[in-house]
Each structure stands twice: as C-alpha cells, then as structure tokens.
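Colleague:
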Amino acid sequence: MSTKEHQTSAKAGTDKAFRLDGRHALVTGGASGIGEATVKELARAGAFVWIADINIAAAEALAASVENARVLHLDVTSRESIAAAVSHMTRLDILVNNAGVGHVGSIETTEPDDFDRLMTVNVRAVYLVTRGFLPLLMAAGTTSGRTGTIVNIASVAGQVGIKQRFAYCTSKGAVIAMTRQLAVEYPKTLRVNAICPGTVETPFVEGYLEKFHKHNKEEVRTELRARQPIGRLGQPEEIASMVRYLVSDEAAFINGSLFNIDGGWTAA
Numbered sequence: 000m001s002t003k004e005h006q007t008s009a010k011a012g013t014d015k016a017f018r019l020d021g022r023h024a025l026v027t028g029g030a031s032g033i034g035e036a037t038v039k040e041l042a043r044a045g046a047f048v049w050i051a052d053i054n055i056a057a058a059e060a061l062a063a064s065v066e067n068a069r070v071l072h073l074d075v076t077s078r079e080s081i082a083a084a085v086s087h088m089t090r091l092d093i094l095v096n097n098a099g100v101g102h103v104g105s106i107e108t109t110e111p112d113d114f115d116r117l118m119t120v121n122v123r124a125v126y127l128v129t130r131g132f133l134p135l136l137m138a139a140g141t142t143s144g145r146t147g148t149i150v151n152i153a154s155v156a157g158q159v160g161i162k163q164r165f166a167y168c169t170s171k172g173a174v175i176a177m178t179r180q181l182a183v184e185y186p187k188t189l190r191v192n193a194i195c196p197g198t199v200e201t202p203f204v205e206g207y208l209e210k211f212h213k214h215n216k217e218e219v220r221t222e223l224r225a226r227q228p229i230g231r232l233g234q235p236e237e238i239a240s241m242v243r244y245l246v247s248d249e250a251a252f253i254n255g256s257l258f259n260i261d262g263g264w265t266a267a
C-alpha cells in the first residue's frame, strides 16, 4: 500500500470511529449545560437523540439547531411523566442520566427538606428513569445486536469529601453505587458506566454562584478553578466527548467503570 493509500485508509477509519449511526438516545436534562453538549455530540455521531427536559422552551430551541433531535417533556421525579415519555418511544439504545440539582451546606445547615430534594432529583429520579426505560434498553440487543448502554453523570463529589456539600456528595455517591450494581446485575444485556466531572462551566455552576456567592462571585470562581490542578473549569463538550466514547462500539468491554474528568482534582 502506498503512503497516500495508507493515509486515505487511516482517514476512513477515523471517520468511522465512535459512530452511533442508527442508534436512539435519550438525554435527561438535555436542554442545557452538559446535557446540551451531549445532545449535540451524540447527534453529530449519527444518533437520533431525544432531548428530555422539563424546560420545553429551551429544549425546542436546541432541537431547532440540531439535526436528528426531538423534544420530549420529562419530569424525572414523576412516575407519570416517565410513563408518558416511555409510551412515545418504541426503541432506545442509549440512556444518559444527566439531570440533577446542587446544594450548599454542611449536615448542620442542610434542612431535611433540602436533603430530600437532592435525593429525589439526583438519586430517586435516576432509579425511576432507568427503571422506566429498562425494557426498551434491554430490548436493544435483539434489534441491533448491541447491548443497551447507560451513562450516569455522577461527580467527583461522590468520591471525595467536599466542604459544604453534604447532601450533594451523598447523592452522587449513591449514583456511583447504582452504576456499579446495575453493571453487575445485567452484565450481558446492559453496559452501565458513570462519568465523574469536576467543576464544569455550565448554567448549573453559574446558578450556584448567583445564588450563594452573588457578592463575591469572581473570588469564588477563582477558587473553583484553583482546586483543579489544571487551573481551569471543565467544558461541557469535554464531558460529552466521553459520553460518546462510552456508548460507542469501541467501548464495548467497559462496564461498571467510573471516569473522572476533573483536571486532576482527585489525583492531587
């Protein structure tokens, strides 16, 4: 093979890498932040993507700019909403559990209602959504020859202690535990992995800064950057790229694993 032929062959292989053509994906909290970037990345890889969100206006605006995407109203905390969403679908190959909320406070300052809200949205909702869509994901193997895949967006907060994040750390630790349990329970019919981001530059983080640090926002932003050895916040697209890899054929031997994308935070 000539050098030119080899280069052409290599390029063709690259073009086909991590492709998701013909697969159907659903991203919860898909209208903004990491969810939005994931929708765009999966669609770019050839998948048909459901933008599942409670914010229909934002989801519709995103769908208008993304080829091969469609809006699905979904309240991840509601069994009725999940059942209605499932009824609209006949196929699902990829589920990305991305929707979540944050909270600032120690165990002393975290009120029971705050704790319950974090557990409802960050933990119980992952259980409800996964359980609701499980039959479609389990059937994926019979229609495509591939196992259904789930990616849970957890957090480094589920692996290390972070001051003033009692409820959030607890909830993300539970997501990690669910990820591993599901991988063991269904090893031949599902692949389930989790991504654990550090602090990522998203509306989620901006909302936190506005709510809890309105008067010293830039000072806290500098602190958030500094706690990650790389010296900056992550970008949603960096998380989305890992999602694409984990649901692709190239990651077929990866199951029950955690992937830290945190600028070296957990290594320090």
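Counting along the sequence shown from 1, when you hit position 267 you're at 266 in numbering that gives the first Met the number 0, and nothing is skipped either side.
Quick reminder that beta carbons are idealized off the backbone N, C-alpha and C, glycines included.
Every value quoted in this text rests on a predicted model; they were computed, and no experiment measured them.
(1) Between Val183 and Leu257, what straight-line distance do the alpha-carbon atoms span, to the nearest angstrom?
(2) Which residue comes first and which comes last in the alpha helix (DSSP H) that contains Arg323?
(3) Evaluate contact between the segment 185-193 and the segment 149-160, counting only Cβ atoms and requiring at least three cross-stretch pairs below 8 Å.
(4) Would you grab the beta carbon distance between Val95 and Val120 for me? Rounded to a whole angstrom, and I think it's under 8 Å.
(5) If you draw a straight line from the C-alpha of Glu205 to the C-alpha of Thr76, how long is it?
(6) Provide the residue(s) that pair with Ile152 in DSSP beta bridges, ordered along the chain.
(7) Can you pull the DSSP bridge partners for Asn259?
(8) If you drop the 5 nearest sequence neighbours on each side, which residues of the same chain put their C-beta closer than 6 Å to that of Phe114?
(9) With distances taken between CB atoms, is the gap from Leu41 to Arg243 smaller than 8 Å?
(10) Cβ atoms of Leu181 and Gly147: under 8 Å apart, would you say?
(11) State the beta-bridge partners of Trp49 as determined by DSSP.
(12) In chain order, which beta strand (DSSP E) runs of at least 3 residues are fully inside the segment 71-134?
(13) In its own chain, which residues sit with a C-beta less than 8 Å from the C-beta of Gly28, not counting the 5 before and 5 after it?
(14) Take the Cβ of Ala251 as the centre, count every other Cβ of all protein chains shown within 10 Å, and call the residue buried at 16 or more, exposed below.
(15) Rounded to whole angstroms, what is the Cα-Cα separation between Met241 and Val70?
(16) So the alpha helix (DSSP H) Gly172 belongs to, where does it begin and stop?
(17) Nearest-angstrom Cα distance between Ser247 and Arg18?
(18) To the nearest angstrom, how far is it from the Cα of Glu209 to the Cα of Val199?
(19) Near Val48, what residues of its chain come up, given a Cβ to Cβ distance below 6 Å and the 5 sequence neighbours on each side ignored?
(20) So is His87 buried or exposed if we call it buried at 16+ other beta carbons inside 10 Å?
(21) Out of Arg226, Asp112 and Ile81, point me to the one whose CA is closest to Ile161's CA.
Modeller: Concretely, from the data shown:
(1) Locating residue 183 in the sequence shown gives position 184, counting from the first residue. Locating residue 257 in the sequence shown gives position 258, counting from the first residue. Between Val183 and Leu257, the C-alpha separation is close to 14 Å.
(2) Past the edges of the chain, shown from 0 to 267, lies residue 323, and the structure says nothing about it.
(3) The segment 185-193, when compared against the segment 149-160, does touch it at the 8 Å Cβ threshold.
(4) The count along the sequence shown starts at 1 and reaches residue 95 at position 96. The count along the sequence shown starts at 1 and reaches residue 120 at position 121. Not confirmed; about 16 Å, so no contact.
(5) What you label residue 205 is simply residue 206 of the sequence shown in a count that begins at 1. What you label residue 76 is simply residue 77 of the sequence shown in a count that begins at 1. Their Cα atoms are separated by approximately 23 Å.
(6) The count along the sequence shown starts at 1 and reaches residue 152 at position 153. Beta-bridge pairing by DSSP links Ile152 to Ile194.
(7) Translated into the one-based positions of the sequence shown, residue 259 becomes position 260. For Asn259, DSSP records a beta bridge to Cys195.
(8) For the purposes of this step, residue 114 is taken as residue 115 along the sequence shown, with counting starting at 1. The residues are Ala166.
(9) Here residue 41 corresponds to residue number 42 of the sequence shown, with the count starting at 1. Here residue 243 corresponds to residue number 244 of the sequence shown, with the count starting at 1. Yes.
(10) Within the sequence shown, numbered from 1, the residue matching residue 147 stands at position 148. Within the sequence shown, numbered from 1, the residue matching residue 181 stands at position 182. Pairing Gly147 with Leu181 gives a Cβ-Cβ distance that is not under 8 Å.
(11) By 1-based counting over the sequence shown, the position of residue 49 is 50. Trp49 is bridged to Leu25 and Arg69.
(12) Along the segment 71-134, the beta strand (DSSP E) occurs as fully enclosed runs of 3 or more residues at 93-96, listed in sequence order.
(13) Counting from one through the sequence shown, the residue named residue 28 turns up at place 29. Excluding residues up to 5 positions away in sequence, Gly34, Ala51, Asp52, Val75, Asn97, Ala98 and Gly99 lie with their Cβ nearer than 8 Å to the Cβ of Gly28 in the same chain.
(14) By 1-based counting over the sequence shown, the position of residue 251 is 252. By the 10 Å Cβ count, Ala251 comes out exposed.
(15) Translated into positions along the sequence shown, residue 241 becomes position 242. Translated into positions along the sequence shown, residue 70 becomes position 71. Cα-Cα distance, rounded: 23 Å.
(16) Position 173 of the sequence shown, counted from the first residue, corresponds to residue 172. Run containing Gly172: Phe165 to Glu184, per the alpha helix (DSSP H) assignment.
(17) The sequence position of residue 247 within the sequence shown is 248, counting from 1. The sequence position of residue 18 within the sequence shown is 19, counting from 1. Arg18 has its alpha-carbon roughly 7 Å from the corresponding atom of Ser247.
(18) Locating residue 209 in the sequence shown gives position 210, counting from the first residue. Locating residue 199 in the sequence shown gives position 200, counting from the first residue. Rounded to whole angstroms, Glu209 to Val199 spans 15 Å at the Cα level.
(19) By one-based count along the sequence shown, residue 48 stands at place 49. Here the set comprises Ala24, Val38, Leu41, Ala42 and Ala68.
(20) The residue you call residue 87 lines up with position 88 of the sequence shown. Counting Cβ neighbours within 10 Å, His87 comes out exposed, since fewer than 16 surround it.
(21) For this step, residue 161 is matched to residue 162 along the sequence shown. Ile161 has its Cα closest to that of Arg226, out of Arg226, Asp112 and Ile81.
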